[in-house]
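Reviewing the structure listed below.
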Amino acid sequence: MLKPGGRHVFTVPFHQTEFLDEHRTKIAPNGTITSLKEPAYHIDPLRQTGGALVHTVFSLEMLIRLAEIGFCTNLGHLYKLYYRILGTNGIVGYQR
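Next comes the structure, spelled out in structure tokens:
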């Protein structure tokens, strides 16, 4: 929940040129994870090895869904080693 005028900054795996989100796993109500595609991992500064399993790679579909629930979302490029935002796909979503 944000206070009026508040901002939320977030990063997610994101396909810049796709329209639909890519669902890579399915999670059952009991917590069991089923891979729908070859497992992919992204860097996780809290884990020494393996990284974090990617469940969804988001796309323009995410922006539409956020707009439908009232968010004015923007994207920007960011590369910040300090925040562990690395690589050429450093797209950051933020709300104004």
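Residue numbers (this note's numbering): 1157 to 1252.
From the three backbone atoms N, C-alpha and C, an ideal C-beta is built for every residue, glycine too.
The structure displayed is predicted, hence computed values, not measured ones.
Buried versus exposed, by CB contacts within 10 Å (16 or more), S1165: Position 9 of the sequence shown, counted from the start, is the residue given in the question as residue 1165. Checking the sequence shown, residue 1165 turns out to be Val, not Ser. Exposed, because fewer than 16 other Cβ atoms sit within 10 Å of the Cβ of V1165.
Length of the line joining the Cα atoms of H1179 and N1186: Taking the sequence shown and counting its residues from 1, one reaches residue 1179 at position 23. Taking the sequence shown and counting its residues from 1, one reaches residue 1186 at position 30. If you take the alpha carbons of H1179 and N1186, they lie about 19 Å apart.
Which residues does DSSP pair with A1208 in a beta bridge? Position 52 of the sequence shown, counted from the first residue, corresponds to residue 1208. Answer is H1198, bridged to A1208.
Give a yes or no on whether the C-beta atoms belonging to L1219 and T1212 are separated by under 8 Å. For the purposes of this step, residue 1219 is taken as residue 63 along the sequence shown, with counting starting at 1. For the purposes of this step, residue 1212 is taken as residue 56 along the sequence shown, with counting starting at 1. Against a cut-off of 8 Å, the Cβ pair of T1212 and L1219 comes out as no contact.
For I1220, which three-state DSSP category applies? By 1-based counting over the sequence shown, the position of residue 1220 is 64. If DSSP states are grouped into helix, strand and coil, I1220 belongs with the helices.
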